[in-house]
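Quick notes on the structure that follows.
Number of protein chains: 6
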Amino acid sequence: MRISIYRWGHFNAAHRLHNDHWSDEKNKEVFGKCNNPNFHGHNYEMEVRLTGELDPETGYLFDLSELKRIMKSEVEDRYDHKNLNLECSEFKDKNPSAELICYEIYKILRNVIDKKYDIGVKLWETPRNYVMYPAEH
Amino acid sequence: MRISIYRWGHFNAAHRLHNDHWSDEKNKEVFGKCNNPNFHGHNYEMEVRLTGELDPETGYLFDLSELKRIMKSEVEDRYDHKNLNLECSEFKDKNPSAELICYEIYKILRNVIDKKYDIGVKLWETPRNYVMYPAEH
Amino acid sequence: MRISIYRWGHFNAAHRLHNDHWSDEKNKEVFGKCNNPNFHGHNYEMEVRLTGELDPETGYLFDLSELKRIMKSEVEDRYDHKNLNLECSEFKDKNPSAELICYEIYKILRNVIDKKYDIGVKLWETPRNYVMYPAEH
Amino acid sequence: MRISIYRWGHFNAAHRLHNDHWSDEKNKEVFGKCNNPNFHGHNYEMEVRLTGELDPETGYLFDLSELKRIMKSEVEDRYDHKNLNLECSEFKDKNPSAELICYEIYKILRNVIDKKYDIGVKLWETPRNYVMYPAEH
Amino acid sequence: MRISIYRWGHFNAAHRLHNDHWSDEKNKEVFGKCNNPNFHGHNYEMEVRLTGELDPETGYLFDLSELKRIMKSEVEDRYDHKNLNLECSEFKDKNPSAELICYEIYKILRNVIDKKYDIGVKLWETPRNYVMYPAEH
Amino acid sequence: MRISIYRWGHFNAAHRLHNDHWSDEKNKEVFGKCNNPNFHGHNYEMEVRLTGELDPETGYLFDLSELKRIMKSEVEDRYDHKNLNLECSEFKDKNPSAELICYEIYKILRNVIDKKYDIGVKLWETPRNYVMYPAEH
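From first to last, the protein sequence lines stand for chains A, B, C, D, E and F. The numbering used here puts the first residue of the first sequence at 197, with every later residue one more than the last. The numbering used here puts the first residue of the second sequence at 197, with every later residue one more than the last. The numbering used here puts the first residue of the third sequence at 197, with every later residue one more than the last. The numbering used here puts the first residue of the fourth sequence at 197, with every later residue one more than the last. The numbering used here puts the first residue of the fifth sequence at 197, with every later residue one more than the last. The numbering used here puts the first residue of the sixth sequence at 197, with every later residue one more than the last.
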């Protein structure tokens with residue numbers, strides 16, 4: 197019996213969108229005010245999904261307090277109140293766009309959660325837009 | 197032309213997580229404060245999805261006021277202001293975890309809604325975590 | 197690397213549900229108070245999903261300010277503060293049900309957005325019910 | 197011991213803003229797209245507040261199921277799925293603006309609820325703007 | 197310069213409404229399904245307000261992480277995953293109605309927070325109704 | 197007839213809490229992770245309230261599209277996608293705490309809105325905490 201569970205987490209961070217291989221003009225044109233060299237920031241909200249076989253002894257798919265602990269220690273403690281461009285090595289060579297932050301969170305969790313569970317991550321950059329990895333098909 | 201419709205419902209209930217085949221120590225260790233013998237409770241919010249072929253005469257997939265009536269008579273009246281462990285026979289031998297409540301709601305609705313519609317159920321136990329059956333793939 | 201992005205928009209409109217080929221009695225019976233000849237209305241909220249391959253140069257799937265612009269010019273400007281039955285030709289011969297408004301929005305966007313992106317549309321008619329096209333499977 | 201309780205209700209309606217004593221040009225200039233002669237509509241959400249002395253025998257200020265019943269029979273049944281301009285006599289000579297709908301709801305409730313309770317009404321016209329009567333001071 | 201700050205907290209609990217001095221019939225009549233002897237439960241959400249003079253050195257009214265710590269240790273740890281009737285002495289002789297839970301939270305906080313701050317508490321029993329003490333005037 | 201109207205706006209910004217007259221140790225101790233020299237950020241949501249006498253000719257207190265325009269040009273364009281410490285002169289000598297940003301927004305609006313209207317501003321720094329100026333009494 198396959199089922200999915202979902203849990204929310206959040207962190208606040210500063211970032212800037214910029215491609216080092218482009219001119220300032222092109223960066224400004226493509227990224228607009230998100231290119232501000234002094235940074236801006238967001239309250240990021242994330243939803244993590246685990247899919248797998250229910251454990252009939254507990255009626256759980258996965259212990260939610262354990263999932264909460266993992267999301268805090270692996271993701272929130274890493275990104276909360278940070279400058280993503282300056283302080284997170286994974287964004288040294290690529291843009292901390294919502295898409296790529298979401299993908300990094302997926303990779304972090306994929307590394308520490310048993311492969312018998314499928315994982316999905318949604319990341320809200322504002323209450324009006326968000327991304328999802330893997331893609332909804 | 198296949199389309200999906202979704203409707204929300206809710207109920208408030210008390211429950212306790214406990215496995216009768218385990219010692220008190222193991223129950224306490226696995227279920228933590230959810231194992232409190234005096235029960236605790238939640239405002240459960242559910243989202244029911246129906247998927248199928250649009251009726252070209254009405255522009256409806258399914259009459260929403262009929263779906264609302266079914267959700268009230270079959271699910272909300274059954275669980276609202278109840279103690280799930282003591283008053284709902286389906287949880288006599290299994291835990292009223294969010295996963296298994298969601299699955300029971302699915303079975304109840306699957307029984308009364310025409311098989312030409314696919315059904316999906318999401319169940320929020322708190323605003324920060326929920327489950328979905330059948331699993332999101 | 198496939199990913200999905202989502203953006204919200206909204207419009208307020210008046211509508212009425214009615215099938216011209218039916219008697220007044222049947223219309224009243226099937227559509228209830230939604231059949232009111234003087235119309236009623238809603239705050240429609242929509243969520244548009246694009247799925248496709250990430251652009252590694254920007255870290256974007258699709259420029260969100262461009263998506264916002266398209267949703268405004270193609271959908272919101274068309275439906276906002278309108279009477280859907282009287283002022284929108286696509287509902288001359290069919291009901292402006294949530295299902296069919298959602299499908300029209302899908303067709304509008306499918307027409308203007310590059311085919312390399314898959315599109316999905318959710319449309320909320322009230323905070324308690326919504327529809328999705330293409331169907332969730 | 198004075199305390200306040202609050203309960204939410206909702207209705208969907210069509211309306212139009214228009215001053216009969218003004219020219220079409222002035223109406224268009226002042227009310228913009230809200231002046232559309234074919235109407236538009238909203239999902240109105242209301243919050244009703246009662247303030248007064250707690251009843252020590254029940255621990256209630258006022259029975260919430262009774263307040264729910266009053267809000268349904270006096271307000272929701274009156275306005276839900278209606279055209280406020282054409283079907284509600286209180287708006288024959290004045291605009292069904294959010295401000296004046298809110299004030300009418302206040303007067304309706306003030307008439308049927310015991311004077312020992314103070315009343316306040318908030319009315320959301322969209323998720324982004326609302327009004328309150330009596331004024332917050 | 198007086199200003200107000202607000203912080204949210206939450207707990208899940210079971211309760212039952214019952215007046216020991218009344219007959220079973222009267223209890224059933226007044227409290228309806230809230231009188232269920234097997235209890236039911238809620239996700240309680242609270243909003244705590246502090247009002248006072250801004251500290252010009254920090255730009256804070258009150259350190260929010262300290263307020264969060266107080267709300268957790270004094271309120272959430274006391275009520276979360278508890279049966280309010282059976283496990284909380286303050287409800288031995290009075291009903292754990294939303295009104296009286298709110299009042300108890302107020303008294304708990306009033307006892308531990310410096311008197312130079314005014315305090316207000318809102319308590320949601322469901323997403324559709326809540327109470328406030330002291331009363332909104 | 198006095199009434200209140202409310203409108204929401206939002207902006208995203210980076211900030212850091214720091215008192216120049218204090219040692220690094222004291223700044224770290226008082227402001228914790230909010231003191232990060234590389235900045236962090238938030239999605240700020242604001243609610244602006246106007247209170248005054250209803251205009252009987254329009255049924256409006258104040259034209260909401262005009263209020264929206266003012267909030268955009270005076271507040272959102274000033275703070276959106278900015279670094280509040282480095283780019284906004286009002287925070288050169290004081291901390292961009294939620295309290296002081298809220299107060300600055302109040303002053304900006306007080307300057308451009310007719311004195312016959314009372315003004316109130318709420319500012320959310322996260323979905324879980326916010327401030328209000330003038331104080332709720």
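For each residue, glycine too, the CB sits at the ideal point set by N, CA and C.
Practice problem: Using a cut-off of 7 Å between C-beta atoms, extract the partners of Ser269 of chain F located in chain D. | Solution: By Cβ distance, chain D contributes nothing, its closest Cβ being about 17 Å from Ser269 of chain F, past 7 Å.
Quiz item: Are the segment 268 to 286 of chain B and the segment 203 to 219 of chain B touching by the rule of at least three beta carbon pairs closer than 8 Å?
Solution: yes
Quiz item: What number of angstroms, rounded off, separates the C-alpha of Ile301 of chain F from the C-alpha of Asp216 of chain F?
Solution: 23 Å
Quiz item: Would you report the Cα separation of Tyr202 of chain B and Pro323 of chain B, rounded to the nearest angstrom?
Solution: 18 Å
Quiz item: What distance in whole Å lies between the Cβ atoms of Tyr313 of chain C and Gly248 of chain C, which are believed to be in contact at a cut-off of 8 Å?
Solution: 4 Å
Quiz item: Under the three-state reduction of DSSP, which class applies to Glu321 of chain B: helix, strand or coil?
Solution: strand
Quiz prompt | Host alpha helix (DSSP H) of Leu296 of chain F (start-end) | solution = 294 to 308
Quiz item: Going along the segment 243 to 258 of chain D in order, which residues come within less than 9 Å of chain C, judged by CB to CB distance?
Solution: none
Self-check item: Residue-chain proximity (Ser200 of chain D, chain F), Cβ-Cβ < 9 Å
Solution: no
Quiz item: Just how far apart, CA to CA, sit Ile266 of chain B and Leu250 of chain F?
Solution: 45 Å
Self-check item: One or two residues paired with Arg198 of chain C in a DSSP bridge
Solution: C:Glu249
Quiz prompt | Residues of the segment 202 to 231 of chain C with Cβ closer than 7 Å to any Cβ of chain D, in chain order | solution = Asn208, Ala209, Ala210, Lys229, Cys230
Quiz prompt | Sub-9 Å separation of Asn156 of chain D and Glu283 of chain C beta-carbons | solution = The requested residue 156 of chain D is not part of the displayed model; chain D covers only 197 to 333.
Practice problem: Examine chain F for any beta-carbon lying closer than 9 Å to the beta-carbon of Pro233 of chain D, and answer yes or no. | Solution: no
Quiz item: In three-state DSSP terms, what is Arg265 of chain C?
Solution: helix
Quiz item: From A:Asn281, A:Asp259, A:Glu225, pick the residue whose C-alpha is nearest to that of Glu295 of chain B; which is it?
Solution: A:Asp259
Exercise. Could you confirm whether any beta carbon from chain A is found closer than 9 Å to the beta carbon of Pro292 of chain F?
Key: no
Quiz item: Can a CB atom of chain F be found closer than 9 Å to the CB of Asp276 of chain A?
Solution: yes
Quiz prompt | Through-space distance from Leu319 of chain A to Asn239 of chain A, alpha-carbon basis | solution = 10 Å
Quiz item: Do you know whose CA, among B:Asn325, B:Thr254, B:Pro330, lies nearest His214 of chain C's CA?
Solution: B:Thr254
Self-check item: Cβ-Cβ distance between Val244 of chain B and Ile315 of chain B below 9 Å
Solution: yes
Quiz item: Does the beta carbon of Leu260 of chain D come closer than 9 Å to any beta carbon on chain E?
Solution: yes
Quiz item: Nearest to Met242 of chain C by alpha carbon, out of C:Glu332, C:His333, C:Val327?
Solution: C:Val327
Self-check item: For Val308 of chain D, the nearest candidate out of D:Leu246, D:Trp204, D:Leu280, D:Lys290 (CA to CA)
Solution: D:Leu246
Self-check item: Nonlocal neighbours in the same chain, by C-beta distance under 8 Å from Pro330 of chain C, ignoring five residues either side
Solution: Tyr302, Gly316
Self-check item: Range covered by the alpha helix (DSSP H) that runs through Leu280 of chain E
Solution: 280 to 283
Practice problem: Please go through the same chain and pick out, in chain order, the residues whose beta-carbon is closer than 8 Å to the beta-carbon of Arg306 of chain C, but skip the five residues on each side of it. | Solution: Ile315
Quiz item: What residue range is occupied by the uninterrupted alpha helix (DSSP H) comprising Glu225 of chain D?
Solution: 220 to 227
Exercise. Would you kindly work out how many angstroms separate the C-alpha atoms of Glu221 of chain A and Lys229 of chain A, rounded to a whole number?
Key: 12 Å
Practice problem: Out of C:Lys290, C:Ile304, C:Asn281, C:Tyr299, point me to the one whose CA is closest to Ser269 of chain C's CA. | Solution: C:Ile304
Self-check item: Straight-line Cα distance separating Lys288 of chain A from Asp289 of chain F
Solution: 32 Å
Exercise. With DSSP collapsed to three states, give me the class of Asp276 of chain A.
Key: coil
Quiz item: Is there a Cβ from chain D that is less than 9 Å from the Cβ of Glu286 of chain C?
Solution: no
Practice problem: Could you name the residues of chain C that Glu272 of chain D contacts, counting a contact when the two beta carbons are closer than 7 Å? | Solution: Simply none; closest approach about 11 Å.
Quiz prompt | Spatially closest choice to Asn291 of chain F from F:Val226, F:Ile199, F:Met197, F:Tyr256, by CA coordinates | solution = F:Val226
Quiz prompt | chain E contact residues for Glu283 of chain B, given Cβ-Cβ distances below 9 Å | solution = Asn232, Asn234
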